[in-house]
Amino acid sequence: MASESPVPVTVLTGFLGSGKTTLLNRILSEQHGKRIVVIENEFGEVGVDHQLVIGAEEEIFETANGCICCTVRGDLIRILGQLVKRKDRFDYVIVETTGLADPGPVAQTFFIDDDLKEHFQLDAIVTLVDAKHAEQHLEDVRAANEQIAFGDVVLLNKTDLVSPADLARVEQRIRSINRTAKIFRTQSAQLPIDKVLNVGAFDLERALAVDRTFLEPEYPFEWGGVFELPAGAVRIRTGSEEHDHDHHAHHGHAHHHGQDHNHAHDPDHEHAGHEHGPGLGITFLRVSESSEGVLDAQVEHVLRAFAETPIDVPCGGTLEPGAHLYRLDVGHGGAQFTLDVKEPGTYAVFCEHLPQELSLRFEGLTPSAERQYASHHHHDDEITSIGIADPRPLDPKKLDDWLGYLLQSRGQDIFRMKGVLNIQGEERRYVFHGVHMMFDSKLERPWGATPRQNSLVFIGRKLDRKEIEAGFESCVAA
Amino acid sequence: MTAVLTERANVALDTYVVDIAWSADSRALAVAGGEGAVVLVENVVDKPQAKTLGEHAMGAIAVAWQPGANIVASSGQDSAVALWDTAQAAEIKRLRPGMGWTERIAWSPDGKLLAAAAGKVLSLWSSAGELAHKFEPHAATIAALAWDKPGRDLAAGIQGGIAVYRIEPPQFSVRRYTWPAACLTAAFSPNGKFLASGTQDGTVHFWNLVTGKDSQMRGYATKVLMTEWSASSRYLATAAGNDVVLWDFGGKGPEGTHPLELRGHTERITALAFQPNGAHLVSAGRDWRISLWQPGKETMAVDAHLSGGEISAIRWSPDGKQLAVGESKGRLTLYDFVERAAPPKKR
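Chains as they are written, first to last, in this note's numbering: chain A, 1 to 478; chain B, 1001 to 1347.
Structure representation (structure tokens):
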């Protein structure tokens, strides 16, 4: 029989020192009128009016069949089970995990345990990342990667402690693991509370707003910008501002990877990742107007250009605008090049890396429009996101077979999956989400006038894009 | 003979009824309230009288009446165990068995020892509130506590199995019955032959204490929180869904057999209790229904009632002649168990 609506639960995860406690204290002390229960991973009270803080030790319930997908948090089941017996109801639950925890069992607890499902609804997994130490953590610790993979919201925190170039690189790295998370750059975890509470990331009713930009194909370039180029020589510089005239003597921190990853224990470890290679790929195309849209219109041309053999430009060299792919030898410090503009006008510039990463700048010029693109260069971390966007209607039976097979065979490696699907003969959207093998789906509001479209995202370890795309293809209705 | 439950009286307690304990003579009950109150209810025939004994800050979790005496033990989220003198309606003593919530308490059948489980720590206390023994902490939180009928063995269910302590002070030897899952209940059969446990991963596991052999009963949709033996040790009633699943330990035992399924609830069963000294079973569910069953005789409920709200606890009186039903909204209803001669069958 009907009871009260479920209490939302936010899971707060992140490494020690990433700012979880800071965020928690901010949430608790802010005047939001909510009665919040916090389940912390350590004993010790956070004394805040009207809020309840319960210290708990993470207790993992494993199963006889050894399946990690069935692993749940026993302590949460007990504590939350007792809390629902109190009449002075609370409005919100925040569960803080330990720094090294894999968020999987917490999330699964709210899928598996019937008692909890009746009273609680997972709202979102919020992952805090220490911008300064993130790369080291991602390199060294499996759980750091998993925490980002599971996150619906990622707070890239302590941005004041790193340079813009480092920050851009870290954000790119996070994006390469999890393409659907909402990333916020913060200092002292400062951001509006509604960005982390009542997000509705697990609420199928809220239609799983899978943002289309996350579903794009991956590109061999990360950034595009539109410039008005005057006739004559335009100076292009990389590296640190102060010393870029003396690029041989200095190692600009932007390009020189700040953390020298220690691979000593792993001699075979090939750092195939985000090395910037021998140079920076860049191309210039003449365009008709200055807008973000004009960038997207050029993508086909740019893809073709990036498939060409690049023209190498040494430090100090000269290049001309045109649909060629250049490779600038940016070295490890600062470098400079001359862009010889014969025909002044509006140009789209596409770059292999984010300009911030190399402190790349076009002297005296700022782009009138710019945007970032999901990059195809993979890091050596093995967790990735795979997105599919396709308008063709799907056969429900085939879809069921494929998803069933995928969960059975790859469930352990898939951390999160979600999607909105166009089912043949069905007026409503079919929405689903999942954590490992736990899967939840329903038919949602009708498509109406919106174009019918399948949007799916899988985030997991060692996912095979070809396999997933082939599986999807097999579901397309004849 | 046909049995029915007849509603006799009820009392509004204004607190979530978390746990109920009867006095040995059935003349009173103690209730643990979700708000923290520990309430004494005088079982006056037509008008039960409720009186608050005291409280556990944040919430009471369990209540246990000392066999053959007038002391009530209660535990709560304040991590304490309180001992109450029900005759004087006064607190005798507050014990601190551990840092965490004390979630399980159980009197030995002779009433001499109170076992308390606070997180991973199991301890034994005298009825005067003196610490009798503290065991080495378990590797995981104790989810279940049970004495066997003679009071020689005390079982503690944890993630990974059940530890059974032989209580022969000053000796406390232990036997471990391992199973790699979270054991949420522990139940000795009254004849002492079996130890059963419901687990988080939807199975019932049991050990034959004579042969040491263990068996697993699968097929539950969700975790199994209820494992109740019949007084005869013939049946083990379990529930993890809308149906009561009944394993028959008669003959060669339940291995390889299909259980009896008692159907009638339309929502998940939340409480299950076998009648002491009798053959009847009561179940209550989220459908607000209370069903009375006679396992082995009938597969349909022999009687059913609709309560006024969600049922949170049910307890038979020690003599099996009364039933207390507690609701989440605080109502406590008392039923009499009545057996009548069956109406003569018409030929």
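All C-beta atoms, glycine included, are put in the ideal place defined by N, C-alpha and C.
Here the structure is a predicted model, which means the values were calculated and not measured.
What first and last residue would you give for the beta strand (DSSP E) that runs through Gly419/A?
Position 419 of the first sequence, counted from the first residue, corresponds to residue 419/A. That run of the beta strand (DSSP E) goes Ile414 to Leu421.
* To do: Taking a Cβ distance cut-off of 8 Å, strictly less, list which residues of the stretch 154 to 177 of chain A are near chain B, in chain order.
  => none
With distances taken between CB atoms, is the gap from Asp504/A to Lys1213/B smaller than 9 Å?
Only positions 1 to 478 of chain A appear in the structure, and residue 504/A is not among them; the question remains open.
(Q) Please identify the residue among Val435/A, Ala478/A, Pro393/A and Lys397/A whose C-alpha is closest to the C-alpha of Glu427/A. (A) Mapped onto the first sequence, residue 427/A falls at position 427. Ranking Val435/A, Ala478/A, Pro393/A and Lys397/A by Cα distance to Glu427/A puts Pro393/A first.
Which residue wins for smallest C-alpha separation from Leu1225/B, given the options Ala1239/B, Ala1128/B, Gln1275/B and Ala1117/B? Position 225 of the second sequence holds residue 1225/B. Considering only alpha carbons, the answer is Ala1239/B.
Cβ neighbour criterion (16 or more within 10 Å) applied to Gly1251/B: Residue 1251/B sits at position 251 when you count from the first residue of the second sequence. With fewer than 16 Cβ atoms within 10 Å of its Cβ, Gly1251/B is classed as exposed.
Can you list, in chain order, the residues of its chain with a C-beta nearer than 6 Å to that of Ala1363/B? Leave out the 5 residues immediately preceding and following it. Outside the displayed range of chain B (1001 to 1347) lies residue 1363/B, so it cannot be described from this structure.
Ala189/A - DSSP class collapsed to helix/strand/coil
The residue you call residue 189/A lines up with position 189 of the first sequence. It is coil, neither helix nor strand.
TODO: Tell me whether Glu467/A is buried or exposed, calling it buried when 16 or more other Cβ atoms sit within 10 Å of its Cβ.
DONE: Residue mapping note: residue 467/A aligns to position 467 of the first sequence, counting from 1. Classification of Glu467/A: exposed, given that the 10 Å Cβ count is below 16.
| query | Could you give the distance in angstroms between the alpha-carbon of Asp400/A and the alpha-carbon of Gln108/A? | reply | Residue 400/A sits at position 400 when you count from the first residue of the first sequence. Residue 108/A sits at position 108 when you count from the first residue of the first sequence. When rounded, the distance between both Cα atoms is 21 Å.
Q) What residues of chain A sit near Ala1080/B, judged by a beta carbon separation below 8 Å? A) For this step, residue 1080/B is matched to residue 80 along the second sequence. Ordered by position in chain A, no residue passes the 8 Å Cβ test against Ala1080/B, which lies about 15 Å from the chain.
Q: Closer than 7 Å by beta-carbon distance: list the chain A residues that pair up with Thr1211/B, in chain order.
A: Translated into positions along the second sequence, residue 1211/B becomes position 211. Residues of chain A passing the Cβ test: none, with the nearest at roughly 21 Å.
Next item on the list: Over the uninterrupted alpha helix (DSSP H) stretch that includes Pro8/A, give me the two end residues.
Entry: Numbered from 1 along the first sequence, position 8 holds the residue referred to as residue 8/A. Not the alpha helix (DSSP H): Pro8/A falls in the beta strand (DSSP E), residues Val7 to Gly14.
Which residues of the stretch 1081 to 1113 of chain B have a Cβ closer than 9 Å to any Cβ of chain A? Give them in chain order. Met1099, Gly1100, Trp1101 and Glu1103
ask   = Short check: CB of Ser1127/B to CB of Leu1145/B, under 9 Å?
value = The residue you call residue 1127/B lines up with position 127 of the second sequence. The residue you call residue 1145/B lines up with position 145 of the second sequence. For Ser1127/B and Leu1145/B, no; Cβs fall outside 9 Å.
Q. In the DSSP assignment, what residue or residues form a beta bridge with Val299/A?
A. Start at 1 with the first residue of the first sequence, and residue 299/A comes out as number 299. Paired residues: none, contrary to the question.
### Message
Suppose you measure from the CA of Asp312/A to the CA of Asp160/A; what does that come to, to the nearest Å?
### Response
The residue you call residue 312/A lines up with position 312 of the first sequence. The residue you call residue 160/A lines up with position 160 of the first sequence. Spanning the two alpha carbons is a distance of roughly 36 Å.
According to DSSP, is Arg1175/B part of a helix, a strand, or is it coil? Translated into positions along the second sequence, residue 1175/B becomes position 175. DSSP places Arg1175/B in strand when its eight states are reduced to three.
Q: Compute the distance between the beta-carbons of Lys182/A and Val162/A, then report whether it is under 9 Å.
A: Sequence index remark: in the first sequence, residue 182/A carries index 182 (1-based). Sequence index remark: in the first sequence, residue 162/A carries index 162 (1-based). No, Cβ-Cβ distance for Lys182/A and Val162/A is not below 9 Å.
Straight-line Cα distance separating Leu76/A from Arg452/A: Along the first sequence, one-based indexing puts residue 452/A at 452. Along the first sequence, one-based indexing puts residue 76/A at 76. If you take the alpha carbons of Arg452/A and Leu76/A, they lie about 40 Å apart.
Distance, Val1011/B Cα to Pro1048/B Cα
The residue labelled residue 1048/B in the question sits at position 48 within the second sequence. The residue labelled residue 1011/B in the question sits at position 11 within the second sequence. Pro1048/B and Val1011/B: Cα-Cα distance of roughly 6 Å.
Q | 7 Å Cβ shell around Ala1106/B - same chain, five flanking residues per side excluded | A | Indexing the second sequence from 1 puts residue 1106/B at position 106. Hits under 7 Å: Ala1064, Ala1115, Leu1145, Ala1146 and Trp1147.
Using a C-beta to C-beta distance shorter than 8 Å, which residues of chain A count as neighbours of Arg1268/B? Your numbering for residue 1268/B matches position 268 in the second sequence. Within chain A, the residues near Arg1268/B are Asp114.
Fill in: Where the stretch 1161 to 1187 of chain B meets chain A: residues whose CB sits under 7 Å from a CB there
Trp1179, Pro1180, Ala1181 and Ala1182
**Asked** What residue from Gly345/A, Asp390/A, Ser474/A and Pro344/A has the CA that sits closest to Leu403/A's CA?
**Response** Along the first sequence, read from residue 1 onward, the residue named residue 403/A stands at position 403. Among Gly345/A, Asp390/A, Ser474/A and Pro344/A, the Cα nearest to that of Leu403/A is on Ser474/A.
* To do: Could you run through the stretch 68 to 85 of chain A and flag, in chain order, every residue whose CB is less than 9 Å away from some CB of chain B?
  => Cys70, Val72, Gly74, Asp75, Ile77, Arg78, Ile79, Gln82, Leu83, Val84 and Lys85
According to DSSP, is Trp447/A part of a helix, a strand, or is it coil? Taking the first sequence and counting its residues from 1, one reaches residue 447/A at position 447. Of the three classes helix, strand and coil, the one that applies to Trp447/A here is coil, per DSSP.
### Task
Closer than 7 Å by C-beta to Glu275/A: which residues in its own chain qualify, once you throw out the five before and the five after it? Chain order, please.
For this step, residue 275/A is matched to residue 275 along the first sequence. For Glu275/A, the predicted model reports a pLDDT of 37, less than 50, meaning its position is unreliable and no value from the coordinates is stated.
Unbroken stretches of the beta strand (DSSP E), 3 residues or longer, contained in the stretch 1222 to 1294 of chain B | 1226 to 1229, 1235 to 1239, 1244 to 1248, 1260 to 1262, 1269 to 1274, 1281 to 1285 and 1289 to 1293
Exercise. What first and last residue would you give for the alpha helix (DSSP H) that runs through Glu135/A?
Worked result: Within the first sequence, residue 135/A is the residue found at index 135, counting from 1. Per DSSP, Glu135/A belongs to the alpha helix (DSSP H) from Ala134 to Asp140.
Just checking: is the beta-carbon of Met1058/B within a distance shorter than 9 Å of some beta-carbon in chain A?
Taking the first residue of the second sequence as 1, we reach residue 1058/B at position 58. Yes - at least one Cβ of chain A is within 9 Å of the one on Met1058/B.
*Below-9 Å beta-carbon distance, Ala1146/B vs any chain A residue*: Walking along the second sequence from the start, residue 1146/B turns up at place 146. For Ala1146/B, the answer is no, since every Cβ of chain A falls outside 9 Å of its Cβ.
Would DSSP call Asp160/A helix, strand or coil? Here residue 160/A is taken as the residue at index 160 of the first sequence, counted from 1. Helix, per DSSP.
**OP:** Pick out whichever of Asp1319/B, Gly1100/B, Ile1142/B and Ala1284/B has its Cα sitting closest to the Cα of Phe1337/B.
**Re:** The count along the second sequence starts at 1 and reaches residue 1337/B at position 337. Comparing Cα positions, the closest option is Asp1319/B.
Are the Cβ atoms of Trp1229/B and Val1282/B separated by less than 9 Å?
-> Here residue 1229/B refers to the residue found at position 229 when the second sequence is read from its first residue. Here residue 1282/B refers to the residue found at position 282 when the second sequence is read from its first residue. Cβ atoms of Trp1229/B and Val1282/B: not closer than 9 Å.
### Task
Assign Val499/A to buried or exposed, taking buried as 16 or more other Cβ atoms, counted over all protein chains shown, within 10 Å of its Cβ.
Because residue 499/A is not part of the residues shown, which for chain A are 1 to 478, the question remains open.
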